[in-house]
Amino acid sequence: MPEGDVVWRTARRLHAALAGREVLASDLRWPSLATADLSGRRVLEVVSAGKHLLTRLSGTDGATGTEGATGVDAGGADAAPLTLHSHLRMEGSWYVERTGSDGRGRRSSAGVRAVLVTGGWTAVGHKLGMLDLVPTAAEGDLVGHLGPDPLGPGWDAAEAQRRLLAAPGRPLGEALLDQRVLAGVGTFYLAEACFLAGLSPWTPVRDLPDPAAFLRLVHRLLHANKDRTGQVTTGDLRRGRQNYAHARSGLPCLRCGTTVRVAMIGPAPRERTAFYCPTCQPGPAPTDDGRAQRPLGAQRRGAARASAARPAHRTRR
Ligand SMILES: [Zn+2]
Numbered sequence: 065m066p067e068g069d070v071v072w073r074t075a076r077r078l079h080a081a082l083a084g085r086e087v088l089a090s091d092l093r094w095p096s097l098a099t100a101d102l103s104g105r106r107v108l109e110v111v112s113a114g115k116h117l118l119t120r121l122s123g124t125d126g127a128t129g130t131e132g133a134t135g136v137d138a139g140g141a142d143a144a145p146l147t148l149h150s151h152l153r154m155e156g157s158w159y160v161e162r163t164g165s166d167g168r169g170r171r172s173s174a175g176v177r178a179v180l181v182t183g184g185w186t187a188v189g190h191k192l193g194m195l196d197l198v199p200t201a202a203e204g205d206l207v208g209h210l211g212p213d214p215l216g217p218g219w220d221a222a223e224a225q226r227r228l229l230a231a232p233g234r235p236l237g238e239a240l241l242d243q244r245v246l247a248g249v250g251t252f253y254l255a256e257a258c259f260l261a262g263l264s265p266w267t268p269v270r271d272l273p274d275p276a277a278f279l280r281l282v283h284r285l286l287h288a289n290k291d292r293t294g295q296v297t298t299g300d301l302r303r304g305r306q307n308y309a310h311a312r313s314g315l316p317c318l319r320c321g322t323t324v325r326v327a328m329i330g331p332a333p334r335e336r337t338a339f340y341c342p343t344c345q346p347g348p349a350p351t352d353d354g355r356a357q358r359p360l361g362a363q364r365r366g367a368a369r370a371s372a373a374r375p376a377h378r379t380r381r
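Using this note's numbering, read the sequence shown as starting at 65 and increasing by one per residue.
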């Protein structure tokens with residue numbers, strides 16, 4: 065699943081292509097938005113909020129000639145500035161291509177969920193996990209629950225720490241995946257941050273030796289990767305050596321040689337994978353039955369990386 069750094073990069077790419085341009089045509093292939101028409105609106109900006117993407121569009125004043133359904137039914141709200149909200153979930157992506165190019169037929173793909181055409185560039189949302197259209201003033205209904213975003217302009221480390229420690233007995237990994245605590249962290253940064261801090265993901269947050277330092281580490285990891293395709297936490301760009309724990313179960317730890325393990329973390333039914341080295345990350349861990357583990361997640365990670373790489377390649381800007 066794309067994490068905050070990938071979504072941040074997607075927002076930057078969309079912003080560079082669309083901001084300031086008028087939408088000439090739109091096509092939202094989403095049941096609740098099938099009649100929405102965004103043409104005539106100007107793209108004001110595209111920003112990320114954790115794993116969420118917000119494409120903000122100007123209001124209409126009638127002079128633009130834009131009429132008709134927008135998918136927002138509140139009386140008079142049609143003219144208000146709107147936000148197109150999307151979430152990539154497991155395998156979504158946005159890519160940008162020159163308007164007028166045939167897009168190699170991609171725009172007719174069954175996976176396309178959104179198309180925004182402007183005079184220069186066309187943005188295509190593929191296999192999006194969520195798509196909403198709301199008045200910009202109501203964005204909070206969709207993203208107001210999110211905790212501080214390490215990649216956001218208003219990163220508030222103190223508030224992040226307060227939320228992280230709010231439930232003292234909660235396992236660290238579970239708290240990290242809770243988007244109400246920190247926005248943008250997924251299983252990759254959970255695994256890597258816990259490894260680098262030498263902490264088992266099942267460590268109760270009250271036992272964190274230095275919560276502020278741990279949050280600085282998470283912040284640093286996300287920033288270090290936001291400008292590049294691929295996620296590196298080892299400083300080593302060679303294939304198979306780019307990160308310590310995530311998707312490396314069954315393989316020897318790059319630091320100590322112990323076999324990296326994986327177990328589920330978090331409350332059912334929303335458990336997620338937590339990869340860890342039992343030697344480098346002492347502390348509580350789920351029952352280890354000693355069975356050899358295959359490198360679970362390696363394939364999924366490869367797919368996610370491929371889809372993350374694709375849009376950057378296609379943009380050609
Ligand atoms: Zn190790």
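C-beta: ideal position from N, C-alpha, C; glycine also.
Nothing here was measured: the structure is a model prediction, and the numbers come from that model.
> To which residues of the same chain is Val207 closer than 6 Å at the C-beta, ignoring the five residues directly before and after it?
Replying inline: By 1-based counting over the sequence shown, the position of residue 207 is 143. Same-chain partners within the cutoff: Ala113, His116.
> Who pairs with Leu197 in a beta bridge, going by DSSP?
Replying inline: Numbered from 1 along the sequence shown, position 133 holds the residue referred to as residue 197. Paired residues: Leu148.
> Who are the Cβ neighbours of Val179 in its own chain at under 7 Å, not counting the five residues just before and after it?
Replying inline: In the sequence shown, residue 179 corresponds to position 115, counting from 1. The beta carbon of Val179 sits closer than 7 Å to the beta carbons of Ser90, Asp91, Arg171, Thr186, Val188 from its chain, once the five residues preceding and following it are set aside; these are given in chain order.
> Would the beta-carbon of Ala343 be found less than 8 Å away from any heavy atom of ligand 1?
Replying inline: Translated into positions along the sequence shown, residue 343 becomes position 279. Per the sequence shown, the amino acid found at residue 343 is Thr instead of Ala. If you check the C-beta of Thr343 against ligand 1, you find a heavy atom less than 8 Å away.
> What residue range is occupied by the uninterrupted alpha helix (DSSP H) comprising Asp69?
Replying inline: Taking the sequence shown and counting its residues from 1, one reaches residue 69 at position 5. That run of the alpha helix (DSSP H) goes 68-82.
> Is Thr182 helix, strand or coil when you go by DSSP?
Replying inline: Here residue 182 corresponds to residue number 118 of the sequence shown, with the count starting at 1. The answer is strand: DSSP assigns Thr182 an E or B state.
> Between which two residues does the alpha helix (DSSP H) harbouring Thr251 extend?
Replying inline: Translated into positions along the sequence shown, residue 251 becomes position 187. Where Thr251 is concerned, the enclosing alpha helix (DSSP H) stretches over 251-261.
> Which partner residues does Met328 have in the DSSP bridge list?
Replying inline: Locating residue 328 in the sequence shown gives position 264, counting from the first residue. Within the DSSP bridge table, the entry for Met328 names Thr337 as partners.
>> Helix, strand or coil for His116? Go by DSSP, reduced to three states.
In response: Here the question's residue 116 lines up with position 52 in the sequence shown. His116 falls in the strand class under three-state DSSP.
> Can you round the beta-carbon distance between Ala309 and Ala349 to whole angstroms, since I take them to be within the 8 Å contact cut?
Replying inline: Sequence index remark: in the sequence shown, residue 309 carries index 245 (1-based). Sequence index remark: in the sequence shown, residue 349 carries index 285 (1-based). Wrong, their Cβ atoms sit about 13 Å apart, outside the cutoff.
> Which same chain residues, not among the five before or five after Ser103, have their C-beta less than 7 Å away from its C-beta?
Replying inline: In the sequence shown, counting from the first residue as 1, residue 103 sits at position 39. The answer, listed in chain order, is Val87, Leu88, Ala89, Ser90, Thr130.
> Do you know how far the Cα of Asp125 is from the Cα of Trp252?
Replying inline: Position 188 of the sequence shown, counted from the first residue, corresponds to residue 252. Position 61 of the sequence shown, counted from the first residue, corresponds to residue 125. Reading the sequence as shown, one finds Phe at residue 252 and not Trp. Phe252 and Asp125 have their C-alpha atoms some 45 Å from each other.
>> Let me check understanding here. Comparing Cα to Cα, which of Arg312, Pro217, Thr297, Gly314 lies closest to Gln306?
In response: If you number the sequence shown from 1, residue 306 lands on position 242. Checked all of Arg312, Pro217, Thr297, Gly314; the closest Cα to Gln306 is Thr297.
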